[in-house]
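> For the sequence shown, full-length UniProt numbering assigns the number 1 to the initial residue and increments by one for each residue that follows.
Using N, Cα and C, we set each Cβ at its ideal position, and we do this for glycine too.
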Amino acid sequence: MGRCRCNGGELLPGRVCGDALSFYRRVLREGTACQDAAPPCLRALGLVADDPGAPGATTAVPPEAAAIAALRPIEEAIADQQRTYRSVQAMLTVFTRTYDDARMHEQPTLTVLTGAQVISNALEAAVDGCREELLTAQPGGGRPAHLLGEALERDVRMLARGVRQRTLYQHTVRSHAPTLAYIEKVTAAGAEVHTLVEVFERMIICDREVAFIPTSEERSDGALQIRHPALLRFLAVLFDNAWARSVPVGTGGVPARSPLIISDVQRAILQAVVSGETDDSIARRMGMSRRSVANHISRVSRQLGSGSRAQLGYLLATSGLLRRGEPARLAPPGRRF
1 MGRCRCNGGE LLPGRVCGDA LSFYRRVLRE GTACQDAAPP CLRALGLVAD DPGAPGATTA
61 VPPEAAAIAA LRPIEEAIAD QQRTYRSVQA MLTVFTRTYD DARMHEQPTL TVLTGAQVIS
121 NALEAAVDGC REELLTAQPG GGRPAHLLGE ALERDVRMLA RGVRQRTLYQ HTVRSHAPTL
181 AYIEKVTAAG AEVHTLVEVF ERMIICDREV AFIPTSEERS DGALQIRHPA LLRFLAVLFD
241 NAWARSVPVG TGGVPARSPL IISDVQRAIL QAVVSGETDD SIARRMGMSR RSVANHISRV
301 SRQLGSGSRA QLGYLLATSG LLRRGEPARL APPGRRF
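1) For I183, count neighbouring C-beta atoms within 10 Å of its own C-beta (all shown protein chains included) and say buried if the count is 16 or more, exposed if not.
2) Using only the alpha-carbon positions, how far apart do residue 397 and V186 sit?
3) In whole angstroms, give me the CA-to-CA distance for G141 and E217.
4) In this structure, what does DSSP give as the bridge partners for L42?
5) Given this structure, state the Cα-to-Cα distance separating A137 from A242, to the nearest angstrom.
6) Could you check if L28 is buried or exposed, using at least 16 other CB atoms within 10 Å of its CB as the buried criterion?
7) Report the three-state DSSP secondary structure of L260 (helix, strand or coil).
8) Can you name, in chain order, every residue of its own chain whose Cβ lies under 8 Å from the Cβ of E201, other than the five neighbours on each side?
9) Run through DSSP, which three-state label would V48 get?
10) Identify which residue in G313, L134, P73 has its Cα closest to the Cα of residue 338.
11) What is the rounded straight-line gap between the Cα of residue 340 and the Cα of T111?
12) Where do the N-terminal and C-terminal ends of the alpha helix (DSSP H) with P229 fall, by residue?
13) How about C41 and A20: are their beta carbons less than 8 Å apart?
14) Use the C-beta contact count for I262: other C-beta atoms within 10 angstroms, 16 or more gives buried, fewer gives exposed.
15) Which term fits P52, buried or exposed, when burial requires 16 or more other beta carbons within 10 angstroms of its beta carbon?
16) Can you list, in chain order, the residues of its chain with a C-beta nearer than 7 Å to that of A38? Leave out the 5 residues immediately preceding and following it.
17) Going along the chain, which residues of its own chain have a beta-carbon closer than 6 Å to the beta-carbon of A317, five neighbours each way excluded?
18) Helix, strand or coil for A116, going by three-state DSSP, please let me know.
19) Going by alpha carbons, who is nearest to L238 out of R267, D207, M203?
20) How many Å lie between P178 and P144 at the Cα?
21) Check F23 in the structure and name its three-state DSSP category.
22) Could you tell me if H105 is buried or exposed, where buried requires 16 or more neighbouring beta carbons within 10 angstroms of its beta carbon?
23) Identify every residue that forms a DSSP beta bridge with F212.
24) Take the Cβ of L92 as the centre, count every other Cβ of all protein chains shown within 10 Å, and call the residue buried at 16 or more, exposed below.
25) Counting C-beta neighbours from all protein chains within 10 Å, is the total for Q225 16 or more, i.e. buried, or is it exposed?
26) Tell me, please, which residues DSSP counts as bridged to H105.
27) Taking R285 as the reference, which of V94, L71, T172, R154 has the closest Cα?
28) Quick one, are the C-beta atoms of V118 and C206 less than 8 Å apart?
29) Kindly give me the distance between the Cβ atoms of H194 and S246, rounded to whole angstroms, as I take these residues to be in contact under 8 Å.
30) What alpha helix (DSSP H) runs, 4 residues minimum, are completely inside the region 143 to 187?
31) Using 10 angstroms around the beta-carbon of D101, count the other beta-carbons present and answer buried if the total reaches 16, otherwise exposed.
32) Suppose you measure from the CA of L45 to the CA of R86; what does that come to, to the nearest Å?
33) What whole-angstrom Cβ distance do A283 and E198 have, given they're in contact under 8 Å?
Dropping the structure here:
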């Protein structure tokens with residue numbers, strides 16, 4: 001058996017055995033060579049054959065002729081695989097059509113709604129179809145009067161049917177007259193309204209079967225209608241957790257100016273200061289004006305004797321004012337936001 005660097009005749013993709021190439025050149029030059037000296041990889045490729053006229057000798061085979069014998073089994077195997085591929089693909093196509101036909105009659109789990117009127121119509125249809133529970137979260141402070149008017153009409157109709165309504169606002173709505181007027185009317189009809197420092201995002205959930213969330217910061221331009229059970233469960237749990245931390249608005253629509261609420265607002269602002277947020281960022285997140293945020297920070301700075309924002313952050317971090325349960329000492333009585 002001839003020498004071979006191809007691991008006993010095993011062909012390595014894209015590599016030519018040096019021993020085989022040298023032997024092939026010698027056979028081409030001399031016409032024949034000793035049969036036993038032929039490297040195994042040359043025989044595997046069909047590039048040498050026994051010489052019928054000279055026992056024990058071998059001759060070179062043209063690569064074109066060797067290719068037919070070497071490649072035909074591979075081509076046949078590829079053709080078989082292609083036939084199998086097309087057969088399986090054809091069978092799956094039948095099942096795909098059956099699957100698509102069955103899903104065609106199902107409601108989509110996610111639907112993008114574009115345009116204020118389209119969103120309003122979808123919300124009205126969902127609220128009118130509500131049977132047991134409506135959950136709403138409204139961040140960003142007071143809402144425009146025309147939106148409150150539309151919501152009031154829908155909500156009163158729904159509450160009259162015995163549907164439970166729970167609504168979350170930020171504490172800042174407690175000084176917004178149009179929103180307070182809406183709260184007074186809707187709570188008189190049976191709704192529950194709570195407030196807290198921060199509300200995650202605007203969200204409406206009907207019977208935990210369909211929900212609406214904004215698609216972008218421009219909340220009036222687009223909304224996503226959600227019917228996927230896992231997403232609905234996630235949003236409902238998010239709402240319930242926020243509800244557990246919220247404070248109810250007083251009966252009659254005129255909420256008490258609770259020191260706890262003022263303390264919560266101030267604590268959130270001060271924590272943001274310690275975290276390095278700007279006044280603009282805090283104002284956007286808290287749903288209040290930049291001026292109100294600046295006034296809070298200025299008042300705290302004066303009372304703590306701070307001469308700079310960096311010093312204020314240090315004093316806040318070391319004073320204990322940001323710990324839960326501390327009494328509200330920084331806000332004057334009767335202050336509204």
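Judging by the given coordinates:
1) The residue labelled residue 183 in the question sits at position 183 within the sequence shown. It counts as buried.
2) Limits of the chain in this structure are 1 at one end and 337 at the other, which puts residue 397 out of reach.
3) Numbered from its first residue, the sequence shown carries residue 141 at position 141. Numbered from its first residue, the sequence shown carries residue 217 at position 217. Spanning the two alpha carbons is a distance of roughly 15 Å.
4) Sequence index remark: in the sequence shown, residue 42 carries index 42 (1-based). Per DSSP, none; premise fails for L42.
5) As a first step, residue 137 must be located in the sequence shown, where it is residue number 137. As a first step, residue 242 must be located in the sequence shown, where it is residue number 242. Straight-line Cα distance between these residues: approximately 9 Å.
6) The count along the sequence shown starts at 1 and reaches residue 28 at position 28. So L28 counts as exposed.
7) As a position in the sequence shown, residue 260 is number 260, starting the count at 1. Unreliable positioning characterises L260 in this predicted model, as indicated by a pLDDT of 38, which lies under 50. A coordinate reading is not provided.
8) As a position in the sequence shown, residue 201 is number 201, starting the count at 1. Correct list, in chain order: A137, P139, I213, P214.
9) As a position in the sequence shown, residue 48 is number 48, starting the count at 1. Three-state DSSP puts V48 in a strand.
10) A question about residue 338 goes unanswered here, because the residues of the chain that appear run from 1 up to 337.
11) With the chain covering 1 to 337 only, the question about residue 340 has no answer from this structure.
12) As a first step, residue 229 is located in the sequence shown; it is residue number 229 there, counting from the start. Unbroken alpha helix (DSSP H) run through P229: 229 to 244.
13) As a position in the sequence shown, residue 41 is number 41, starting the count at 1. As a position in the sequence shown, residue 20 is number 20, starting the count at 1. In contact: C41 and A20 (Cβ atoms closer than 8 Å).
14) By one-based count along the sequence shown, residue 262 stands at place 262. Low local confidence applies: a pLDDT of 46 at I262 is under 50, so the model's placement there is unreliable, with the coordinate-based value given in what follows. The residue in question, I262, is buried, as its Cβ has 16 or more Cβ neighbours within 10 Å.
15) The residue labelled residue 52 in the question sits at position 52 within the sequence shown. The residue is exposed, with fewer than 16 neighbouring Cβ atoms inside 10 Å.
16) Indexing the sequence shown from 1 puts residue 38 at position 38. So the qualifying residues of the chain are G2, F23, V48, T58.
17) For the purposes of this step, residue 317 is taken as residue 317 along the sequence shown, with counting starting at 1. Taken in chain order, the residues that qualify are V274.
18) Taking the first residue of the sequence shown as position 1, residue 116 is located at position 116. Three-state DSSP puts A116 in a helix.
19) In the sequence shown, counting from the first residue as 1, residue 238 sits at position 238. Per the Cα distances, M203.
20) Counted from its first residue, the sequence shown places residue 178 at position 178. Counted from its first residue, the sequence shown places residue 144 at position 144. Those two C-alpha atoms are separated by around 8 Å.
21) Sequence index remark: in the sequence shown, residue 23 carries index 23 (1-based). Correct three-state label for F23: helix.
22) Start at 1 with the first residue of the sequence shown, and residue 105 comes out as number 105. H105 comes out exposed.
23) Working through the sequence shown from its first residue, we reach residue 212 at position 212. Looking at the DSSP assignment, F212 forms a beta bridge with I204, Q225.
24) Working through the sequence shown from its first residue, we reach residue 92 at position 92. With fewer than 16 Cβ atoms within 10 Å of its Cβ, L92 is classed as exposed.
25) Counting from 1 along the sequence shown, the entry for residue 225 is found at position 225. So Q225 counts as buried.
26) Here the question's residue 105 lines up with position 105 in the sequence shown. H105 is not bridged to any residue.
27) To locate residue 285, count along the sequence shown from 1; it is residue 285. Measuring from the Cα of R285, the nearest candidate turns out to be T172.
28) Within the sequence shown, numbered from 1, the residue matching residue 118 stands at position 118. Within the sequence shown, numbered from 1, the residue matching residue 206 stands at position 206. Going by C-beta atoms, V118 is not nearer than 8 Å to C206.
29) For the purposes of this step, residue 194 is identified with residue 194 of the sequence shown, where counting begins at 1. For the purposes of this step, residue 246 is identified with residue 246 of the sequence shown, where counting begins at 1. With 8 Å as the limit, H194 and S246 qualify as a contact, their Cβ atoms being about 4 Å apart.
30) 145 to 160
31) As a position in the sequence shown, residue 101 is number 101, starting the count at 1. D101 is exposed by the Cβ-count criterion.
32) Here the question's residue 45 lines up with position 45 in the sequence shown. Here the question's residue 86 lines up with position 86 in the sequence shown. Distance between the alpha carbons of L45 and R86 is about 31 Å.
33) Here the question's residue 283 lines up with position 283 in the sequence shown. Here the question's residue 198 lines up with position 198 in the sequence shown. Between E198 and A283 the Cβ distance is about 12 Å, and since that is not below 8 Å, they are no contact.
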